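When we follow our numbering, the leftmost residue of the sequence shown carries the number 10, and every step to the right adds one.
Right, one structure below, let's go through it.
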Amino acid sequence: MHELFGVGVIIGCNGSIWISAGMSSDPDGGYSQDIISAIPMDKRLSMVRVAACIRLLSKNLICIYDVSIIAAYRSSLSYKIKDLARAEISALLIPKVKQLIFDEEKQREQEAANEKIGRHPLV
Numbered sequence: 010m011h012e013l014f015g016v017g018v019i020i021g022c023n024g025s026i027w028i029s030a031g032m033s034s035d036p037d038g039g040y041s042q043d044i045i046s047a048i049p050m051d052k053r054l055s056m057v058r059v060a061a062c063i064r065l066l067s068k069n070l071i072c073i074y075d076v077s078i079i080a081a082y083r084s085s086l087s088y089k090i091k092d093l094a095r096a097e098i099s100a101l102l103i104p105k106v107k108q109l110i111f112d113e114e115k116q117r118e119q120e121a122a123n124e125k126i127g128r129h130p131l132v
């Protein structure tokens, strides 16, 4: 399970994706969820935005994983959630999302290379 923007996201191997308000760790192992309490509006909006971003990625044939969801979410923040399904907004967002994914993957490759040779970049 990924915790993205305060929202729990489970990406199943079978192609299904579950979005929840978030989970708390159980000291005995696993996760638990309080299904009695109400979900605050800001968390609901985050859940809906994550779902809209996943649909945006899917419609544009972009692999769905933590990095792509984060990139889509960050790129979408300047738009209303309901507008993310519009084709003209999608056309504006997708190049930004692809660039963010590329940048993140490049950074991860660089970090892996630095770890492999035992060097860490200076901060």
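Note that beta-carbon positions come from the ideal geometry of N, C-alpha and C, so glycine has one too.
All values reported here derive from a predicted model rather than from experimental measurement.
Given residue i as reference, the closest of the options once Cα atoms are compared
i: C62; options: F111, M50, K107; result: K107
i: A80; options: S67, A94, R64, I110; result: I110
i: K68; options: P104, N23, A94; result: A94
i: F14; options: S99, V76, A121, K105; result: V76
i: L102; options: K89, K115, S85; result: S85
Beta-ladder partner(s) of residue i, from DSSP
i: S29; result: G17
Limits of the unbroken alpha helix (DSSP H) element including residue i
i: D112; result: 96 to 125
i: K91; result: Per DSSP, K91 belongs to no alpha helix (DSSP H) and is neither H nor E.
i: I71; result: Note, I71: premise wrong, no alpha helix (DSSP H); not H, not E.
CB contact below 8 Å: residue i versus chain C
i: V106; result: Included in the structure is just one protein chain, with no chain C present.
Proximity below 8 Å, CB of residue i to CB of residue j
i: G17; j: S29; result: yes
i: R58; j: I78; result: no
i: Y82; j: I20; result: no
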